[in-house]
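Below: the structure, in structure tokens.
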């Protein structure tokens, strides 16, 4: 026992030391606390990046570690880690910002802090999150009095719903991409001088790419406008009291609840336009900037006369109406399969041609057969064939391997296919990039993204398709954004996506819809003020693209195209027409946008076509596309990069392609009182009912013993036109007027029934048009094939409205 006792004591001491060493980090880190908040007051839009602000406080010993968020932790195929290294000295407090692509319907995010050994130290959950659909309007309001802005949920503009996020200045992101969640930002009675340079730059990029910024006045106008002196539409000289603002009451149509006097910022218009004013004194002024605008409201919304005013919703509706519609192409790919093909289209990597493979196979057959036999027979050694044939097989296998290795090369390739969406004379463009990372050999790489870009793996379902399965380690935030530990197999391409707002290309232009010699004419002038060659430029209007050709640096181009007649003469409208059925506008105009239909065998053009298909997605639902009626789009290609991306190794080669989308505002120069006919290109249409008809569109329509009902509405400029004449235009396939006509009916809005119409091929006038003209000059047409034939086809069908503009 005397020998065992000291050993027992020693064992106990060792265990105590080990236990003490094991518990010491936990004890040392017991002073570490963490809190996290996410989204914009908990709101975020589907598909957008969510900011997560993590506050760490350490009152104990210094600690090194990592803050991380894991999305889809239960799914090995969709699990993705976002992290950031953190160093916390004793008695320190730090704010760490992560940006996360939250899976759909995420209610909260779990945030963890791991020490340098990967051990979990502390974890917490963020505030509750609420996902909004892209067709929701999100207001951000920075104010000390949030109760005065709740009514904005009733001001939806052209959107289906509206939500209000109450924020602090510190919750405005320092990188531009998360700002895409917001549509309108209102800053009231808050010191914008506290904004950091990064916040101001991100906010400026957001405005230029479509954001609406509202700065308020009143007595505290100075601190609210401190950071925006050169961006305001007005020059402010002070504040004053006025007894009444009758012009505002008259304009809105609602009396003020509270009598004056009212405090208003005294200013004069410096640039932009006055939306409301009192004898020239600005009340609400607007300065367009790119696709967005900056507003100055001279009154304090939390004080009379705006406080609890019955006209507030009508007053703010004018601002909500200016929020630009969600662009078709600014939100990234709609077809994941085509997007991955676009990223994997590597112009510098190609397979051997059929002739090369055939030649190698022919040499192999000749050598292993006749030549081998001849050599052995000449030496009278035919029995050695069992040695020479395997040897030749090994030699040619080695040759094939060396050829394949040479084709693959040793260089890692990064292929960037980017879309840059902006307006003419805009400072910033919204950029969405697809990146293909190709490795000729099995390797592990990092991708590093600079200049505020946010990136993630791309999957065919728009979510990450690898991460938890060992293909990447994490998305790491530091000075740059790094996707770490990308595992690539031999000759494999992995796809990633990145977003940012970058300086826009310098292009100016103007477009106008004119009435010339009885015809509607689109006149467009564009000028390339940049140093970049714009390849295969084209103009998109009314779902049809017109090719311009290359635009060299400094080059200007002007075109004039007839859109329609006024009044109409023949059945078909000249100039622009709808695209083919089942196709969106990009794929439907391939020849104009790519410069050729022969793109399949050209690796550069094939990659560009795949990008167009990715942006357009599958065939849109039947109906005309939601293109803006107030803009013409300039499309052009360039061999330039939009996202700054590098790898962690030097043997990397890059190929870059950018597709520019540039909005050109469309000016209407159609004089009221003129007689005009609305061409098919200026009609929005949709299918309201159908049976037995597939691939439905108003052009190249196959009825095949089915029926379909169309509804046509002219563009807003023609919705108040006094319609004098109505005709139905039905064009036979290939001009064959002997083809059997379908049954045609028009909707009688007065009786609410379908009336039969005796129509023929070409243009058929309707004797009494009034019963068939609905709200906003809407017309409904029903077509039915009641014959026994299965090839009933129409080249195009639409109503031709002729009338006087008011």
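In the numbering used here, the protein residues as written are 18 to 823.
All residues carry an ideal CB built from backbone N, CA and C; glycine is no exception.
Can you tell which of the options has its C-alpha closest to the C-alpha of residue i?
{"i": "residue 340", "options": "274, 172, 375", "result": "172"}
{"i": "residue 770", "options": "417, 782, 798", "result": "798"}
{"i": "residue 311", "options": "649, 804, 226", "result": "226"}
{"i": "residue 178", "options": "416, 154, 169", "result": "154"}
{"i": "residue 181", "options": "737, 201, 389, 670", "result": "201"}
{"i": "residue 60", "options": "257, 682, 148", "result": "148"}
{"i": "residue 646", "options": "123, 743, 682, 335", "result": "682"}
{"i": "residue 382", "options": "393, 410, 115, 572", "result": "410"}
{"i": "residue 158", "options": "236, 650, 261, 189", "result": "189"}
{"i": "residue 196", "options": "518, 152, 718, 720", "result": "518"}
{"i": "residue 378", "options": "397, 398, 414", "result": "414"}
{"i": "residue 510", "options": "570, 407, 357, 525", "result": "357"}
{"i": "residue 107", "options": "363, 125, 48", "result": "48"}
Are there 16 or more other CB atoms within 10 angstroms of the CB of residue i, so buried, or fewer, so exposed?
{"i": "residue 354", "result": "exposed"}
{"i": "residue 603", "result": "buried"}
{"i": "residue 447", "result": "buried"}
{"i": "residue 412", "result": "exposed"}
{"i": "residue 123", "result": "buried"}
{"i": "residue 258", "result": "exposed"}
{"i": "residue 231", "result": "buried"}
{"i": "residue 290", "result": "exposed"}
Does the Cβ-Cβ distance between residue i and residue j come in under 8 Å?
{"i": "residue 501", "j": "residue 453", "result": "no"}
{"i": "residue 285", "j": "residue 233", "result": "no"}
{"i": "residue 103", "j": "residue 84", "result": "yes"}
{"i": "residue 489", "j": "residue 498", "result": "no"}
{"i": "residue 746", "j": "residue 786", "result": "no"}
{"i": "residue 687", "j": "residue 539", "result": "no"}
{"i": "residue 303", "j": "residue 292", "result": "yes"}
{"i": "residue 652", "j": "residue 557", "result": "yes"}
{"i": "residue 757", "j": "residue 470", "result": "no"}
{"i": "residue 97", "j": "residue 79", "result": "no"}
{"i": "residue 11", "j": "residue 115", "result": "What is shown of the chain runs 18 to 823, which leaves residue 11 out entirely."}
{"i": "residue 300", "j": "residue 262", "result": "yes"}
{"i": "residue 475", "j": "residue 363", "result": "no"}
Terminal residues of the continuous beta strand (DSSP E) containing residue i?
{"i": "residue 829", "result": "The structure shown does not extend to residue 829, since the chain is modelled only from 18 through 823, so no value can be given for it."}
{"i": "residue 280", "result": "279-286"}
{"i": "residue 781", "result": "779-783"}
{"i": "residue 462", "result": "460-466"}
Locate the alpha helix (DSSP H) running through residue i, then write down its first and last residues.
{"i": "residue 205", "result": "No alpha helix (DSSP H) holds residue 205; DSSP gives it neither H nor E."}
{"i": "residue 666", "result": "No alpha helix (DSSP H) holds residue 666; DSSP gives it neither H nor E."}
{"i": "residue 395", "result": "389-395"}
{"i": "residue 269", "result": "263-269"}
{"i": "residue 645", "result": "Careful: residue 645 lies outside any alpha helix (DSSP H) and carries neither H nor E."}
{"i": "residue 620", "result": "620-633"}
{"i": "residue 361", "result": "353-361"}
{"i": "residue 66", "result": "Here residue 66 belongs to no alpha helix (DSSP H); instead the beta strand (DSSP E) covers 66-75."}
{"i": "residue 329", "result": "329-337"}
{"i": "residue 705", "result": "Careful: residue 705 lies outside any alpha helix (DSSP H), inside the beta strand (DSSP E) at 700-708."}
{"i": "residue 214", "result": "214-225"}
{"i": "residue 238", "result": "238-241"}
{"i": "residue 17", "result": "No answer is possible for residue 17: the residues shown for the chain start at 18 and end at 823."}
Quick one: residues in its chain with C-beta nearer than 6 Å to the C-beta of residue i, no 5 flanking neighbours on either side, listed in chain order?
{"i": "residue 553", "result": "612, 654"}
{"i": "residue 591", "result": "For residue 591, the pLDDT reaches just 39, beneath the cut-off of 50, and the residue's location in the model is therefore unreliable, although a value from the coordinates is still provided. Contacts found: 579."}
{"i": "residue 724", "result": "708, 801"}
{"i": "residue 730", "result": "701, 793, 795"}
{"i": "residue 56", "result": "67, 146"}
{"i": "residue 732", "result": "646, 699"}
{"i": "residue 449", "result": "349, 436, 516"}
{"i": "residue 288", "result": "250, 304"}
For residue i, which residues from the same chain have a beta carbon less than 7 Å from its beta carbon, with the 5 sequence-adjacent residues on both sides left out?
{"i": "residue 657", "result": "549, 673, 675"}
{"i": "residue 626", "result": "607, 611, 616"}
{"i": "residue 325", "result": "274"}
{"i": "residue 574", "result": "543, 565, 568"}
{"i": "residue 588", "result": "Low confidence applies here, because residue 588 scores a pLDDT of 37, under 50, leaving its location unreliable and the question unanswered by this model."}
{"i": "residue 141", "result": "51, 52, 53, 128"}
{"i": "residue 76", "result": "48, 108"}
{"i": "residue 137", "result": "129, 131"}
Give every residue of the same chain whose Cβ lies closer than 8 Å to the Cβ of residue i, excluding the five residues on either side of it in the sequence, and list them in chain order.
{"i": "residue 439", "result": "225, 226, 307, 308, 445, 446, 447, 521, 522, 677, 678, 679, 680"}
{"i": "residue 670", "result": "365, 428, 429, 430, 431"}
{"i": "residue 782", "result": "742, 743, 744"}
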